[in-house]
Every structure is written in structure tokens, then in C-alpha cells.
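In order, the protein sequences belong to chains A and B. At position 220 of the first sequence the residue is numbered 220 (this note's numbering), and the sequence of numbers has no breaks. At position 204 of the second sequence the residue is numbered 1204 (this note's numbering), and the sequence of numbers has no breaks. Positions of the beta carbon are idealized from the N, C-alpha and C atoms, including for glycine. This report refers to the structure that appears directly beneath it.
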Amino acid sequence: MDEKVKAVKKTTDGASDSTEIIETHSRARLDTDDFSRCVLRSVRDAVFFKAPGHPVNGAYQISRRLLNFTLLHRTHLRHYAMNSLISRLPILLLVLACGGLFQPAQAQLQKIEQTVFGMDCAPCAHAMEQSLGSMEGVENVSVSLNDGLATVDLAKANRINYRGVRKTVENGGFSPREATLKVQGTARQEEGQWILKTPTGEEYALQPGQEGTSNEQRLQDLKPNQQVTVTGQIPASPNTEGALWPLHVQRVRSAT
Amino acid sequence: MIPHLSTSHIQSVCVVAGLLWLGFASPAAGQGGHGPAFGLATPTLPQGGWNYNSTLMSVGTGERSLMTRQSLWYGLTQHLQLNASVPVALRSPPASPTTRGGTMMGGLSSLEISTYWRFHRQYLGVGKRFESTLLVGGLYPTRDYVQGRRSGPGVHLAAVTGYASRSVYAWAGSGYQHYAARDGDRPGDLRYGSLVLGWRPGYFRRASTPDWRLFVEALGESVGPEHHDGSAVSGSGGEKLFVGPTTLGLYGAWGLSAGLLIPMYQDVPQAQEEHLRLMFNFTYWF
């Protein structure tokens, strides 16, 4: 199968991201000289790659492909070493040092408002803030005792999954209940059911929200493999057999 | 003139200095207790969480005993806690009453290692829990329970059930403490029951104010006969009933509690009659 690999330039302007496809290569040519040029320039230009059907995070993908390339194609490397790689190595190292090797640059879970039952004391809330805040990728946490609500803002690049957040709440000795999530991922349809899959592989079964919010119409507007950001509610006692979280959609918007 | 400082004075100063030092130590994360000073409660601690308790206790018979107890708690899981506590006697009368300074704080003069298993829990709503805990502890006496008489190791078993919310608290529990005889000597077995009712005024439920709670605690104790040279000591043991107010303040990772118990009924030998039980406890959640 001759899949296409896109080199996508991603820029940030204030609060919004924009992407631009600047090159498309055949997957079969991943290891060719042309692609290596592309990769090298991409790193310099902070370009992210995305292979359709392979929702691997861009920056991670760049790094992995670069490493694979350097390991598997020493001949080509030698050819480009003087002209490209070594001259751009400092930039590459800088990108890797900034976490590009280990962290995705693409948001998935973006915000969680988790209702917690049973938390009655100030040290309980304090500990909850600390344990949630210690999760890698969490940018800000606030816990309201009176509302029994933990609000978690996540960094743009994170690998947090919702199951881990619920487990953290449970490990604190309390009960996670309903939650409102803002999550980005790739939509696909299976037997009439829309499923949102995040880059970490967590999946959400998108279900229409309450009447009057016209979500059903919005769900019908989804396209397979479309990148979307969904805001929705996880019910108080979700049935998570099969690792599929039910998400009652409140809002859907395209992420591309 | 240089004032004379006894060993007990120096020990007291060290304890106060230690508490002050802890008071100014760097803040850390934690989670916490919410309980009474004397009665049984259902403590909570997250998996992997630690907390430290420093307790100052005083039991008054003819003379007033004074002791501290340093306790370290660890959350093996969110439902299973381990606790180790070490007593340091600052002032010991010749015959202390057979009791536990605080039901959850260990025997008056024994090293204690305990396990707390929260075997039942229901999360009834925001801030609301109904739960039950079993306590199993091992005791090792560090000094004579009566001058010249020291027992062997002991065991403490207790069960407690309770309700906690943002405004109302209630716990009821009972326990049993037994020491093995050593050279035929051991104190009487202790059976006790505690009832705690608590309330948090609306002012202290605000996010901006410390979390202060007021409790009324009742503690009933029944002590079996002491054994000396393998025989029960006639007339030893008896029953006591205490009631008293306590308070608990929580802020961030810190907790302070204090309280007193007033004897309402005592049917014990005169030497074992008590005036007041006092307790001050400092807690820090790591």
C-alpha cells in the first residue's frame, strides 16, 4: 500500500493553531534522499509529520524517523552529513532536548472537570491537587472542596489518558464520578457509532448530548479520519468494558 | 541564680521546640484526617501518602502523667494504612491507669505498629462518605505499667464505622487491648467504646477559611483485673465513662487538634480515678 506521508507546517498564533501541508511524500520513499532532506529541513522549520491512518504524534514521528534514518542509511547520512545533518545538528539536538523525542506535540485531552465524591477535608483537596498536579503533562489543577470538583488543565503536549486521571482520584481514597472533558482525536465510524481515538490510543464512544443541543446533527457532520476536538460529559458510572469511554457530546469542532 | 531544670523540663522544652520547628518547616502535599482527638475514627490517606503525628497527652490520677507519642502513617493503598508510633514518657506516676491515651494513638507506654483496613466505603455525594475500618495493632511495652511490673507484648483490635461530610461527622467504634503476662504480671484487659459527633460551622466551610471542626466525644472503658504473679489482683479494674469537647483545625497539609475528656462515671480503685484527660495533637501530611 502506497500511503502518503505529509509534511505539515504547524504554527501557533495566539490561542489557535494552524497547519499547512507543505509536502507530500510516498511512504515507500520514506528513506530516500528526498525525504531525508525534507525531514532535515522540517526539523529546522519546526515542521510536523502526519501519516494518514497512523495518528502518531508529529514531533515524536519526526524524531523516530530521523533516528531510524540515521541508523539504517549511513550511506545517505554520509552523503548529507556535511551539507545537511551536521550543519543542522544543533537545531535537531535542541528540538530533541526540548522534549520532542519523548513527548507528543499534539493535544489530546485538553481539559478535565472531574466530580469527586467523598472528599471532605482541606488536606484531602490539597493532596488531590498534588497528586493530579504531579502527572506529567498537567499544567494547572484546582480542587474545590465545596463543589467536589477537580479542574485539570493539560499542556498542549501531553500523554495523559482519562483512565489515569480517574485512577489517581481513586488512589486518593475517593470516588470519581461524572466529568466534563475537552478532548482531541481522530474520528472514525464503526457500525454506525462514532468513535474518537486519541494519540495515546484511548477511545471514546461519541453519543448525542441532551436534547436541544443539536449534537446529533453535528455528529452526522463528522468525516472519517477527521481530527476533531470534542467537549462532552462522561457519565457518573461509565460502563468502560472494552476500554471505550461513553462521551455525551456537548460540542464538536474541527481541529484542522 | 540559675534555675534548676529537671530532665522532664528539658524533655518538655525539646518537644515544644520540635513542634515549633515542624510548624516552620517547608509546606508539602498531603491528605488527611478529619477525626476526633480521643475516639475512634476512619482515617483516610492516599496510596503512597505519609503523615506524621506528634501528640502530647496527659492523664491525671493522683499525679498527672505527661507523655508524647510520635506516629508515622503510610498509605499502602487508599484502603490500607500502616502506622508506627513511639511513646516518650515525660512524667510518669507510679501507677498509670490502664487505657490508651487516644484510642487511635497507641497504648500509654507501648511501641505500637498498627494496620488500618477500610473494608467498607460508600461515597454518598460531594464531600460525603460512609465507611468502616478495622484496626489491628501489636504493642510492645517500653516501661513498667506499675512500678516493678512489666507485661509482655500486647495486641489491640478495634472496629469503627462512621459518616463524614462537609458539615456533619459521626463515628462509633469499639476496641479491645490485651497484654501477655510476663513473669505472671500483666495489666487488665481493656475494652472500650467511643462515640463521636462533629460539626463544622458554615464559616469554616468557605474555601478561604481554615477547616475547623468541633466534636463532642464520649469514651467508655472497662478494664479487667490486673494479674500479678499469675493471679488476678482483687479489686483491680473497673469502669469509666468520659465525655468532652475537642476541636480539629485543618489547613493545607497541616492539622491541629486539642481536647479534654471529663470523667462522668468511675467505678475503679481510688488510685486509678482520673481528673481530666488532655490531648494536643499536631499532624502534617507529606
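Secondary structure of residue i, DSSP reduced to three states
i	result
A/T151	strand
B/P1187	coil
A/T168	helix
A/A255	coil
A/P199	coil
A/H126	helix
A/G185	strand
B/S1151	coil
B/G1249	strand
B/A1180	coil
B/G1062	coil
A/G209	coil
A/R163	helix
B/L1276	coil
B/F1215	strand
A/D13	The pLDDT assigned to A/D13 is 47, lower than 50, so where the model puts this residue is not dependable, and the model offers no usable value.
B/L1056	strand
B/Y1123	strand
B/F1204	helix
B/A1041	coil
A/S134	coil
B/Q1266	strand
B/A1095	strand
A/P220	Note that residue 220 of chain A is Gln in the sequence shown here, rather than Pro. Of the three classes helix, strand and coil, the one that applies to A/Q220 here is helix, per DSSP.
A/A236	coil
B/Y1271	One point to set straight first is that residue 1271 of chain B is Ala, not Tyr, in the sequence displayed. Of the three classes helix, strand and coil, the one that applies to B/A1271 here is helix, per DSSP.
B/A1258	strand
A/R177	strand
Supposed contact pair residue j and residue i - C-beta distance, whole angstroms, cut 8 Å
i	j	result
A/G137	A/I112	That pair is no contact at about 11 Å.
B/Y1116	B/N1083	7 Å
A/Q193	A/A205	6 Å
B/S1165	B/V1136	Actually they are not in contact, since the Cβ atoms of B/S1165 and B/V1136 sit about 28 Å apart, beyond 8 Å.
B/G1138	B/A1159	Wrong, their Cβ atoms sit about 17 Å apart, outside the cutoff.
B/F1038	B/L1241	That pair is no contact at about 12 Å.
A/G164	A/M135	7 Å
A/G118	B/R1129	4 Å
B/S1110	B/Y1140	6 Å
B/G1035	B/L1248	7 Å
Distance, residue j Cα to residue i Cα
i	j	result
A/I234	A/T115	10 Å
A/Q110	A/A157	9 Å
A/T168	B/L1256	27 Å
B/G1244	B/T1077	33 Å
A/Q130	B/Q1081	19 Å
B/G1263	B/F1119	Correcting the residue type first, residue 1263 of chain B is Pro in the shown sequence and not Gly. Computed Cα separation, rounded: 33 Å.
B/T1042	B/H1275	28 Å
A/D31	A/V252	Confidence at A/D31 is low in this model, with a pLDDT of 41, below 50, so its placement is unreliable and no value can be given for it.
B/L1250	B/A1232	45 Å
B/V1016	B/G1235	Residue placement at B/V1016 cannot be trusted, given a pLDDT of 44 that sits under 50; what the coordinates show is reported in the next sentence. Using only the alpha carbons, I get a separation of about 39 Å.
B/F1286	B/G1193	31 Å
A/D221	A/L247	17 Å
B/P1087	A/A122	28 Å
A/A46	A/Q207	Unreliable positioning characterises A/A46 in this predicted model, as indicated by a pLDDT of 35, which lies under 50. A coordinate reading is not provided.
A/D120	A/Q189	42 Å
A/W162	B/L1124	The sequence given here has Tyr at residue 162 of chain A, not Trp. Going from the Cα of A/Y162 to the Cα of B/L1124 covers about 23 Å.
B/T1133	B/Y1176	15 Å
A/A127	A/V152	14 Å
B/E1063	B/A1258	21 Å
A/A236	A/N140	23 Å
Best match in the options for proximity to residue i [C-alpha to C-alpha]
i	options	result
B/G1049	A/I195, A/A157, A/Q110 and A/C124	A/C124
B/L1066	B/G1255, B/S1208, B/Q1047 and B/A1089	B/A1089
B/T1055	B/L1278, B/F1286 and B/W1285	B/L1278
A/N171	B/L1250, B/L1045, B/L1040 and B/P1036	B/L1045
B/E1112	B/W1199, B/T1142 and B/L1214	B/T1142
B/P1097	B/S1231, B/Q1147 and B/G1193	B/Q1147
B/P1093	B/L1124, B/W1073, B/T1133 and B/D1144	B/D1144
B/W1171	B/W1199, B/G1184 and B/P1187	B/W1199
B/P1187	B/P1153, B/T1068 and B/E1131	B/P1153
B/A1180	B/R1149, B/E1063, B/L1124 and B/T1283	B/R1149
B/G1162	B/Y1176, B/V1155, B/D1189 and B/L1195	B/L1195
B/G1127	A/L196, A/D153 and A/P176	A/P176
B/L1040	B/G1220, B/Y1284, B/S1058 and B/A1253	B/G1220
A/N154	A/L132, A/V143 and A/L196	This sequence places Leu at residue 154 of chain A; Asn is not what is there. It is A/L132 whose Cα lies nearest to the Cα of A/L154.
B/L1190	B/Q1122, B/R1121 and B/G1238	B/G1238
B/P1269	B/H1178, B/H1228 and B/A1095	B/A1095
Proximity test, residue i beta-carbon vs the ligand GTP heavy atom, cut-off 7 Å
i	result
B/K1240	With respect to the ligand GTP, the structure offers nothing, as it holds no ligand at all.
Stretch pair the region 221 to 228 of chain A + the region 181 to 189 of chain A: three plus CB contacts closer than 8 Å: Counting Cβ pairs under 8 Å, three or more are found: they touch.
The region 1223 to 1230 of chain B in contact with the region 1193 to 1210 of chain B per 3-pair CB rule at 8 Å: no
The region 195 to 203 of chain A contacting the region 140 to 149 of chain A, beta-carbon criterion three pairs below 8 Å: no
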